[in-house]
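Before any comments, here is the structure.
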Amino acid sequence: MTGSWRDVLGRTNELAQQYLEQAPRRAVAQPAPMEQLLQRLGGRLPEEPEDPVTVVESLARAADPGLVVTNAGRYFGFVEGGVLPVALAADWLATTWDQNAAFYALSPAAAAVEEVCRGWLCELLGLPEHVSAGFTTGAQMANLIGLAAARHHLLAEAGWDLEADGLFGAPRITVVVGRERHATVDRALRVLGIGRSSLVEVATDAQGRMRPDRLAAALADAAGAGPLIVCAQVGNVNTGACDPMREVCRLAHERNAWVHVDGAFGLWAAAAPSLRQLVDGVQDADSWAADGHKWLNVAYDCGIAFCAHPRAHRAAMSLSAAYLDDAGERNGADWTPESSRRARAFPVWAALRGLGRAGVVELIEASCAHARRFAELLSADPRVAVLNEVVLNQVLVRVAADDERTRRVAAVVQAEGATWLGTTVRDGVTALRISISDHATGPAEVAAAAEQVLRAARRG
Ligand SMILES: *Cc1c(COP(=O)(O)O)cnc(C)c1O
10 MTGSWRDVLG
20 RTNELAQQYL
30 EQAPRRAVAQ
40 PAPMEQLLQR
50 LGGRLPEEPE
60 DPVTVVESLA
70 RAADPGLVVT
80 NAGRYFGFVE
90 GGVLPVALAA
100 DWLATTWDQN
110 AAFYALSPAA
120 AAVEEVCRGW
130 LCELLGLPEH
140 VSAGFTTGAQ
150 MANLIGLAAA
160 RHHLLAEAGW
170 DLEADGLFGA
180 PRITVVVGRE
190 RHATVDRALR
200 VLGIGRSSLV
210 EVATDAQGRM
220 RPDRLAAALA
230 DAAGAGPLIV
240 CAQVGNVNTG
250 ACDPMREVCR
260 LAHERNAWVH
270 VDGAFGLWAA
280 AAPSLRQLVD
290 GVQDADSWAA
300 DGHKWLNVAY
310 DCGIAFCAHP
320 RAHRAAMSLS
330 AAYLDDAGER
340 NGADWTPESS
350 RRARAFPVWA
360 ALRGLGRAGV
370 VELIEASCAH
380 ARRFAELLSA
390 DPRVAVLNEV
400 VLNQVLVRVA
410 ADDERTRRVA
420 AVVQAEGATW
430 LGTTVRDGVT
440 ALRISISDHA
450 TGPAEVAAAA
460 EQVLRAARRG
């Protein structure tokens, strides 16, 4: 290999800065066909080494038409966070240092930073201070961890040694879920050996919140059925709505059920005084999943699994299946199902330092204010209907009460390239789903995107 660190990293830094400088102006997404990308990036497996600077330049050039600009304030699809400059910088360092966060011995710094972030996040989100945390790829894996801890805990209470005997012959676990849960919950349960027929769906209200009366009925029906998990949600991926957590925890705990909360983005509402009432009672749950790469605006990938029962968390995940603490050293691999791992907590640490509590509150509250403004601008046109109560950062919009026209508006906006938003289907109705989760989104981006949607809606 030729080329010094300075050459390749210097050139890469230039390319990165060019990208970031152009990002606010370039098309958010280009319709790059797969064949074209394969042609640009593919070809025969190279037989011979190539100069690193040339390789990096080729990658930047070839990948470019297939990049989606999710971090320049103009991307409103799915729930996609942007990236804070300080978090990006720390991510560069984490990669540069090539730290493996599996074991304390492999990176004492990564272990310490995980522990510090655990404490800071608990404080910020109002979770009990003894809560354990694992740093994961995302909320999918954080849901899996919370539910795995639940599975361990409930089966141990029932006298079943899951680690020794596995799931065959174990008491059957029933999982009470909201009808509008995220698909990752089902996958997490499936991976854990808990299939569809063990799920009890609770009806949701117009905003997608679990109905407490229906939850109470479901729990009463499940009485005597064995171990129970209630899997709640704060931050419905469509409406942003949050399950009534105080009621959910009270009802579930009366039945000795474990409460897991999918709070991928909604859990961040707990950090903001003006929004905290939406998730009131969430701190009484037993485990929580949150994302770092959504609302905290660290780069992909980062999620966090929290658990109010560290022994269950550790028993479910520990590499050595040991329960004992080892001299206060934190091994990241004991809190997630992965062994060698990226040191994801470095960017989390940098984001929390860079923002401070006030900055996190500002980021969350500003996103919600932008969402309200977006809804207001759109609903000024009688062709456009806002379908949800805009309580958080999500806005659902339907054009001319028509699925086809709504889809067409999304397609037109996407093709124009100045912004990107997608569609979702909820209750059989197609809607534009607008999410504001990027710190780079400001009033100007919202006004421009709303204008674009309105223009497309007028066109029919
Ligand atoms: C995004 C999301 C998930 C999945 O999170 P990943 O970070 O993609 O793994 C789960 N639940 C909800 C509510 C989400 O919004």
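Here this note's numbering is used: the first residue of the sequence shown is 10, the next is one more, and so on. By construction, the Cβ of each residue, glycine as well, lies at the ideal position given by its N, Cα and C atoms.
Reduced DSSP category for Y332 - H, G, I as helix; E, B as strand; rest coil: Any reading at Y332 must be qualified, since the residue scores a pLDDT of 48, below 50, and its modelled position is unreliable; no value is offered.
Closer than 7 Å: is that where the CB of A7 sits relative to any heavy atom of ligand 1? Residue 7 cannot be examined here, being either before or after the span of the chain that is shown, 10 to 469.
Under 8 Å between C-beta atoms of V393 and A280: Going by beta carbons, V393 and A280 fall outside the 8 Å limit.
Can the beta-carbon of T428 be found closer than 8 Å to that of V37? Going by C-beta atoms, T428 is nearer than 8 Å to V37.
If contact is defined by three or more beta carbon pairs under 8 Å, each pair taking one atom from either stretch, is the region 400-414 in contact with the region 357-369? Touching, no, given that fewer than three Cβ pairs across the two stretches are closer than 8 Å.
Measuring only from the beta carbon, is G143 closer than 7 Å to any heavy atom that is part of ligand 1? Result no, Cβ not under 7 Å from ligand 1.
Please list, in chain order, all residues of the same chain as A9 whose beta carbon is under 6 Å from its beta carbon, the five residues on each side excluded. The structure shown does not extend to residue 9, since the chain spans only 10 to 469, so no value can be given for it.
Check whether A157 and L208 have beta carbons under 8 Å apart: No Cβ-Cβ contact shorter than 8 Å links A157 with L208.
Among residues of its own chain, excluding the 5 on either side of A121, which ones have a beta-carbon nearer than 6 Å to its beta-carbon? If we look at A121 and ignore the five residues flanking it on each side, it has no Cβ neighbours.
Considering only residues of the same chain and omitting the five flanking positions on each side of L287, which have a CB-CB separation below 8 Å? The beta carbon of L287 lies closer than 8 Å to those of V243, C251, G275, A278, V400 and L401 in the same chain, with the five residues before and after it left out.
Under 8 Å by Cβ, that's how I've got S360 and V307 pegged, so tell me the actual separation to the nearest angstrom. Inspection of the sequence shows that residue 360 is occupied by Ala rather than by Ser. The Cβ separation is near 5 Å, so the contact holds.
Closest by CA to R320, which one among P94, D343, L305 and D310? For R320, the closest of P94, D343, L305 and D310 by C-alpha to C-alpha distance is D343.
Cβ neighbour criterion (16 or more within 10 Å) applied to L47: When all chains shown are included, L47 counts as exposed.
Once you ignore the five residues that flank V92 on each side, which residues in its own chain have a CB closer than 7 Å to its CB? Excluding residues within five positions, the ones whose Cβ falls inside 7 Å are N80, N306, V307 and A308.
Tell me the DSSP bridge mates of N109? When beta bridges are read from the DSSP output, N109 appears opposite R351.
G82: first and last residue of the uninterrupted beta strand (DSSP E) it sits in: Careful: G82 lies outside any beta strand (DSSP E) and carries neither H nor E.
Counting only the same chain and skipping the five closest in sequence on each side, list residues whose C-beta sits under 8 Å from that of R416. Spatial neighbours of R416 in its own chain (CB-CB distance under 8 Å, excluding positions within 5 residues in sequence) are listed in chain order as T432 and T439.
How would you call D170, buried or exposed, if buried means at least 16 neighbouring beta carbons within 10 angstroms? With fewer than 16 neighbouring CB atoms inside 10 Å of its own CB, D170 falls in the exposed class.
Please state the DSSP three-state secondary structure of W313. It should be noted that the sequence gives Ile, not Trp, for residue 313. Correct three-state label for I313: strand.
On the three-pair Cβ rule with 8 Å, is the region 454-461 touching the region 249-264? Too few Cβ pairs lie closer than 8 Å, so no.
Any heavy atom of ligand 1 inside 7 Å of the beta-carbon of Q216? False, no ligand heavy atom lies under 7 Å from that Cβ.
Under the rule that 16 or more other beta-carbon atoms within 10 Å means buried, what is E56, buried or exposed? Burial call: exposed.
Can you find the residues in the same chain that come closer than 7 Å, C-beta to C-beta, to H162, ignoring five residues on each side of it along the sequence? So the qualifying residues of the chain are W267, H318 and A321.
So for L441, helix, strand or coil by DSSP? Residue state, collapsed to three classes: strand.
Does the Cβ of P356 have 16 or more other Cβ atoms within 10 Å, making it buried, or fewer, making it exposed? Classification of P356: buried, given that the 10 Å Cβ count is 16 or more.
Of the choices A41, T193 and D310, whose alpha-carbon is the least far from that of L76? Nearest option by C-alpha distance: A41.
If I measure Cβ to Cβ from G217 and keep anything under 6 Å in the same chain, skipping five residues before and after, which residues do I get? Here the set comprises E189, N245, T248 and A250.
Note down, one range per segment and in chain order, each alpha helix (DSSP H) of at least 4 residues found wholly within the region 123-198. Qualifying alpha helix (DSSP H) stretches, in chain order: 148-166 and 171-174.
Thinking C-alpha only, which one of Y84, P58, V88 and G52 is nearest A71? Of the candidates Y84, P58, V88 and G52, G52 places its Cα closest to the Cα of A71.
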